[in-house]
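Student: So for the sequence shown, this note's numbering puts the first residue at 626; every next one is plus one.
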Amino acid sequence: MAAAALERLGRDFLVVGRQKGVEVGLTACVDVSGALWMQNLRGKLALSILPQSHIHTTASLDISRKWEKKNKIVYPPQLPGEPRRPAEIYHCRRQIKYSKDKMWYLAKLIRGMPIDQALAQLEFSDKKGAQIIKEILLEAQDMAVRDHNVEFRSNLYIAESTSGRGQYLKRIRYHGRGRFGIMEKVYCHYFVKLVEGPPPPREAPKTAVTHAKEYIQELRNRTIIHTL
Numbered sequence: 626m627a628a629a630a631l632e633r634l635g636r637d638f639l640v641v642g643r644q645k646g647v648e649v650g651l652t653a654c655v656d657v658s659g660a661l662w663m664q665n666l667r668g669k670l671a672l673s674i675l676p677q678s679h680i681h682t683t684a685s686l687d688i689s690r691k692w693e694k695k696n697k698i699v700y701p702p703q704l705p706g707e708p709r710r711p712a713e714i715y716h717c718r719r720q721i722k723y724s725k726d727k728m729w730y731l732a733k734l735i736r737g738m739p740i741d742q743a744l745a746q747l748e749f750s751d752k753k754g755a756q757i758i759k760e761i762l763l764e765a766q767d768m769a770v771r772d773h774n775v776e777f778r779s780n781l782y783i784a785e786s787t788s789g790r791g792q793y794l795k796r797i798r799y800h801g802r803g804r805f806g807i808m809e810k811v812y813c814h815y816f817v818k819l820v821e822g823p824p825p826p827r828e829a830p831k832t833a834v835t836h837a838k839e840y841i842q843e844l845r846n847r848t849i850i851h852t853l
């Protein structure tokens, strides 16, 4: 009975079913105006309609929490007389309704600063992302004292500060005369790493001579395969 029904649907149906990635077993898939209608071969129509926009494998949905898991790293015991290893605090906030490019400029602004100086810089910034980063830094500061045995909450500096791309949602922008366009609702992530202690001194900017020497050294270190 099922074989006869599949023959009536035709070969085009089978091709569409494979393109949509749906297994053709006891159900039949028909592409109607951007939706997948699941029709039972017994003649019953399923109640669920799955829009094609919901069938995807977006990388932003795969939240592995790798950044937060770095807080659980256990280091080997230190030797007697060895200086105390500074505490490291990893914190982030995901899916922020803000542009990752605008967030990057603010993240770069406070990179390498003591946390008090970074909070002061963000306090007097009129950017929307500055207040978001300030909230994240205060959360990380509380986490350092509460969970990482940091004695003084001001004895921290920002070792890493960066932004990342979040989920981008496509929406329709309605124009006049029956036309339309596609707009994107953008989201971003913000990642910060706090380290206990004073910040290291800033490195002097490299000169053109230094860049040239490094470039020449890279050329000399090349390995050319299939030669003598």
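For every residue, glycine included, the Cβ atom is placed at its ideal position computed from N, Cα and C.
Name the one or two DSSP bridge partners that proline 739 has.
Tutor: Tyr782
Student: Can you find at least 3 beta carbon pairs, one from the segment 721-728 and one from the segment 752-761, that sit closer than 8 Å?
Tutor: By the Cβ rule, the segment 721-728 counts as touching the segment 752-761, because three or more pairs are nearer than 8 Å.
Student: Residues in its own chain within less than 7 Å of glutamine 742 by CB, not counting five upstream and five downstream?
Tutor: So no residue of the chain qualifies.
Student: Quick check on threonine 835: does DSSP put it in helix, strand or coil?
Tutor: helix
Student: If contact is defined by three or more beta carbon pairs under 8 Å, each pair taking one atom from either stretch, is the segment 791-803 in contact with the segment 763-774?
Tutor: These segments do not touch.
Student: For leucine 734, which of helix, strand or coil comes out of DSSP?
Tutor: helix
Student: So, using beta-carbon positions, are histidine 814 and arginine 719 closer together than 7 Å?
Tutor: yes
Student: Within this structure, are the beta carbons of leucine 819 and isoleucine 698 separated by less than 7 Å?
Tutor: No, they are not a contact pair.
Student: What is the DSSP secondary structure of leucine 794, counted as helix, strand or coil?
Tutor: strand
Student: Once the 5 residues before and after lysine 795 are set aside, which same chain residues still bring their CB inside 7 Å of it?
Tutor: Ile807, Glu809
Student: Of all the options Pro739, Ile721, Tyr840, Ile850, which has the alpha carbon lying nearest to the alpha carbon of lysine 753?
Tutor: Ile721
Student: Since I believe glutamine 746 is in contact with leucine 734 (beta carbons under 8 Å), could you give me their beta-carbon distance rounded to a whole number of angstroms?
Tutor: Contact between leucine 734 and glutamine 746 holds, with the beta-carbon distance rounding to 6 Å and staying under 8 Å.
Student: Which word fits serine 779, buried or exposed, when buried means at least 16 other C-beta atoms lie within 10 angstroms of its C-beta?
Tutor: exposed
Student: Could you give the distance in angstroms between the alpha-carbon of valine 811 and the alpha-carbon of arginine 845?
Tutor: Approximately 44 Å, taken between the alpha carbons.
Student: Use the C-beta contact count for isoleucine 797: other C-beta atoms within 10 angstroms, 16 or more gives buried, fewer gives exposed.
Tutor: exposed
Student: Just reading off the alpha helix (DSSP H) that glutamate 764 is part of, what are its end residues?
Tutor: 753-772
Student: By the 10 Å Cβ neighbour count, where 16 or more other Cβ atoms means buried, how is leucine 781 classified, buried or exposed?
Tutor: buried
Student: In chain order, what residues of the same chain have a beta carbon less than 6 Å from the beta carbon of valine 775, not counting five sequence neighbours either side?
Tutor: Ala712, Ala769, Glu821
Student: If you follow the beta strand (DSSP E) that glutamate 821 is in, where does it begin and where does it stop?
Tutor: 813-821
Student: Starting from glutamate 809 and walking both ways along the beta strand (DSSP E), at which residues does that stretch end?
Tutor: It spans 805-810 - the beta strand (DSSP E) in which glutamate 809 sits, taken as one unbroken run.
Student: If I'm right that arginine 710 touches tyrosine 723 with Cβ under 8 Å, what's the distance once you round it to whole angstroms?
Tutor: The pair is not a contact, with the Cβ atoms about 34 Å apart (cut-off 8 Å).
Student: From this set, Arg827, Phe749, Asn696, Gly801, which residue's C-alpha is nearest arginine 736's C-alpha?
Tutor: If we check each option's Cα against that of arginine 736, Arg827 comes out closest.
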